[in-house]
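The next block holds one structure in the form of structure tokens; read it before the comments.
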Amino acid sequence: LSSRHKDIVLKSHSDHMRRVLKCVDNNQERPDSHYMSKVLSTLRQIVREWSSQGKAERDATFTPVLDVVRQRYPSVSARGSVKIMVPGSGLGRLAFDLAKEGFRVEGNEFSMVMLMTSSFLLNACYEVFLKLICLFSICFNDYRRKMSILFTRTSWIKAPSNFCMIAGDFLEVMLSRTCDFDCVVTAWFIDTAKNIIDYIETIYRILKAGGLWVNVGPLTYHYEDMLDEISIELPYEEVMRIVRLTGFEIEKEERIVTYYTRNHMSMLQNQYTCAFFVAVKPLDG
Numbered sequence: 040l041s042s043r044h045k046d047i048v049l050k051s052h053s054d055h056m057r058r059v060l061k062c063v064d065n066n067q068e069r070p071d072s073h074y075m076s077k078v079l080s081t082l083r084q085i086v087r088e089w090s091s092q093g094k095a096e097r098d099a100t101f102t103p104v105l106d107v108v109r110q111r112y113p114s115v116s117a118r119g120s121v122k123i124m125v126p127g128s129g130l131g132r133l134a135f136d137l138a139k140e141g142f143r144v145e146g147n148e149f150s151m152v153m154l155m156t157s158s159f160l161l162n163a164c165y166e167v168f169l170k171l172i173c174l175f176s177i178c179f180n181d182y183r184r185k186m187s188i189l190f191t192r193t194s195w196i197k198a199p200s201n202f203c204m205i206a207g208d209f210l211e212v213m214l215s216r217t218c219d220f221d222c223v224v225t226a227w228f229i230d231t232a233k234n235i236i237d238y239i240e241t242i243y244r245i246l247k248a249g250g251l252w253v254n255v256g257p258l259t260y261h262y263e264d265m266l267d268e269i270s271i272e273l274p275y276e277e278v279m280r281i282v283r284l285t286g287f288e289i290e291k292e293e294r295i296v297t298y299y300t301r302n303h304m305s306m307l308q309n310q311y312t313c314a315f316f317v318a319v320k321p322l323d324g
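Read in our numbering, the sequence shown has 291 at position 252, and its numbers run on one by one without any break.
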């Protein structure tokens, strides 16, 4: 630009640019470890739920759940009247897959970072395409490895209006719901409770008589050893005793050994032993 043209532009934009630079200075601080851990957890969750590399993990724990629900409700034409709640739905993949089967699904998630990411994955991508991103390049000792992420379209669901996500704490958003769902699916969820008995009793209350509860996941209690949180950490046998005491009848119970958000090229990999059970609320419950 010539000096004259610069003067013309600067007169109207200099104040604006000063405000922009001030905003940059005020917002350039690094996020604290709490929020950074949430972002990193969400990146790993993208791999698990939506990438081709995460298929083995999904097959290990999501597929058994889907098989049970399909077998319980074999009539595809009748699935539109079957209401399923998926608390702790993360980035929405399991809830999405259930909705693709024709069920009426409500996903529930507490984490705002997860909710924003799942909203982008499910709603903001208007075309189906592969996106290459380096999801495991988060530390100095990591290396760049591109991953393909398949972004979905809600039009894949037979009845998109039958699929929704609810934001908030599971116990709070379910306070007014009683005998409302035909099925509750909990995947890697029940150990997020401060008091797991609250979860069990709430699931029993929101299920209709004869309703189904399908659970898969370990008991790695999230609030364990947090000094500013009060929580109880019950062993698996005690949890199942309380499940029965609440009124549930156990139809199936087994263990599944699998990984969670694994970087399969890393030399550090953690395995989890997951409880997989199917419980039913009695018809007279």
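Ideal placement from N, C-alpha and C gives every residue a C-beta, glycine not left out.
These numbers were taken from a predicted model, which means no experiment stands behind them.
Contact under 8 angstroms by Cβ, Ser157 with Leu130: Position 118 of the sequence shown, counted from the start, is the residue given in the question as residue 157. Position 91 of the sequence shown, counted from the start, is the residue given in the question as residue 130. Annotated as proximal: Ser157 and Leu130, with beta-carbon spacing under 8 angstroms.
Residue of Gln84, Tyr262, Lys77 minimising C-alpha distance to Met151: Position 112 of the sequence shown, counted from the start, is the residue given in the question as residue 151. Of Gln84, Tyr262, Lys77, the residue nearest in Cα terms is Lys77.
Candidates Arg97, Ser215, Cys203, Tyr74, of which the one nearest Leu161 by Cα: Here residue 161 refers to the residue found at position 122 of the sequence shown. When each option's Cα is compared against that of Leu161, the closest is Cys203.
Rounded straight-line distance, which links the Cα of Met75 to that of Arg69: Along the sequence shown, read from residue 1 onward, the residue named residue 69 stands at position 30. Along the sequence shown, read from residue 1 onward, the residue named residue 75 stands at position 36. If I take the Cα positions, the gap works out to 9 angstroms.
Met153: first and last residue of the uninterrupted alpha helix (DSSP H) it sits in: The residue you call residue 153 lines up with position 114 of the sequence shown. Segment 151-158, the alpha helix (DSSP H) holding Met153.
Nearest candidate by alpha-carbon position, reference Phe220, set Leu246, Asp98, Tyr238: Here residue 220 refers to the residue found at position 181 of the sequence shown. For Phe220, the closest C-alpha among the options Leu246, Asp98, Tyr238 is that of Leu246.
First through last residue of the alpha helix (DSSP H) which encompasses Phe209: Reading the sequence shown from its first residue, position 170 is the one you call residue 209. Phe209 -> alpha helix (DSSP H) spans 209-212.
Through-space distance from Asn302 to Leu322, alpha-carbon basis: Your numbering for residue 322 matches position 283 in the sequence shown. Your numbering for residue 302 matches position 263 in the sequence shown. Rounded to whole angstroms, the separation of the alpha carbons of Asn302 and Leu322 is 44 angstroms.
Proximity of Gly127 and Glu148 at Cβ, strictly below 8 angstroms: Here residue 127 is taken as the residue at index 88 of the sequence shown, counted from 1. Here residue 148 is taken as the residue at index 109 of the sequence shown, counted from 1. Judged by their CB atoms, Gly127 and Glu148 are nearer to each other than the 8 angstroms cut-off.
Inter-residue spacing [alpha-carbon to alpha-carbon] between Ser215 and Met306: Here residue 215 refers to the residue found at position 176 when the sequence shown is read from its first residue. Here residue 306 refers to the residue found at position 267 when the sequence shown is read from its first residue. Cα-Cα distance, rounded: 47 angstroms.
Boundaries (first-last residue) of the beta strand (DSSP E) holding Tyr311: Indexing the sequence shown from 1 puts residue 311 at position 272. If you look at Tyr311, you'll find it in the beta strand (DSSP E) that goes 310-319.
Inter-stretch contact at 8 angstroms, needing at least 3 Cβ pairs: the stretch 247-262 / the stretch 223-230: These segments touch.
Whole-angstrom distance between Ala163 and Arg87, CA atom to CA atom: What you label residue 87 is simply residue 48 of the sequence shown in a count that begins at 1. What you label residue 163 is simply residue 124 of the sequence shown in a count that begins at 1. Taking the Cα positions, Arg87 is about 20 angstroms away from Ala163.
Boundaries (first-last residue) of the alpha helix (DSSP H) holding Lys122: Taking the sequence shown and counting its residues from 1, the one referred to as residue 122 is at position 83. Run containing Lys122: none in the alpha helix (DSSP H); it sits in the beta strand (DSSP E), 122-126.
Spatially closest choice to Thr297 from Ser53, Asp98, Val63, by CA coordinates: On the sequence shown, residue 297 is found 258 positions in, with the first residue counted as 1. The residue among Ser53, Asp98, Val63 with its C-alpha nearest the C-alpha of Thr297 is Asp98.
Cβ neighbours of Tyr299 in the same chain (closer than 6 angstroms, five flanking residues each side left out): For the purposes of this step, residue 299 is taken as the residue at position 260 of the sequence shown. Annotation for Tyr299: Tyr311 place their beta carbon closer than 6 angstroms to its own, counting only its chain and skipping 5 residues before and after.
Buried versus exposed call for Met265 [16 or more other C-beta atoms within 10 Å across all chains shown]: Here residue 265 refers to the residue found at position 226 of the sequence shown. Answer is exposed; the Cβ neighbour count stays below 16.
Extent of the continuous beta strand (DSSP E) to which Arg109 belongs: Against the sequence shown, residue 109 aligns to sequence position 70. No beta strand (DSSP E) contains Arg109, which is instead part of the alpha helix (DSSP H) from 94-111.
Arg294 beta carbon less than 8 angstroms from that of Phe315: Your numbering for residue 315 matches position 276 in the sequence shown. Your numbering for residue 294 matches position 255 in the sequence shown. Contact: yes.
Nearest-angstrom Cβ-Cβ length linking Glu117 and Val125, presumed shorter than 8 angstroms: Counting from one through the sequence shown, the residue named residue 117 turns up at place 78. Counting from one through the sequence shown, the residue named residue 125 turns up at place 86. Reading off the sequence, residue 117 comes out as Ala, not Glu. Actually they are not in contact, since the Cβ atoms of Ala117 and Val125 sit about 20 angstroms apart, beyond 8 angstroms.
The stretch 54-69 / the stretch 263-282 touching (three or more Cβ pairs under 8 angstroms): No contact exists between the stretch 54-69 and the stretch 263-282.
Which of helix, strand or coil DSSP assigns to Trp227: Here the question's residue 227 lines up with position 188 in the sequence shown. Three-state DSSP puts Trp227 in coil, outside helix and strand.
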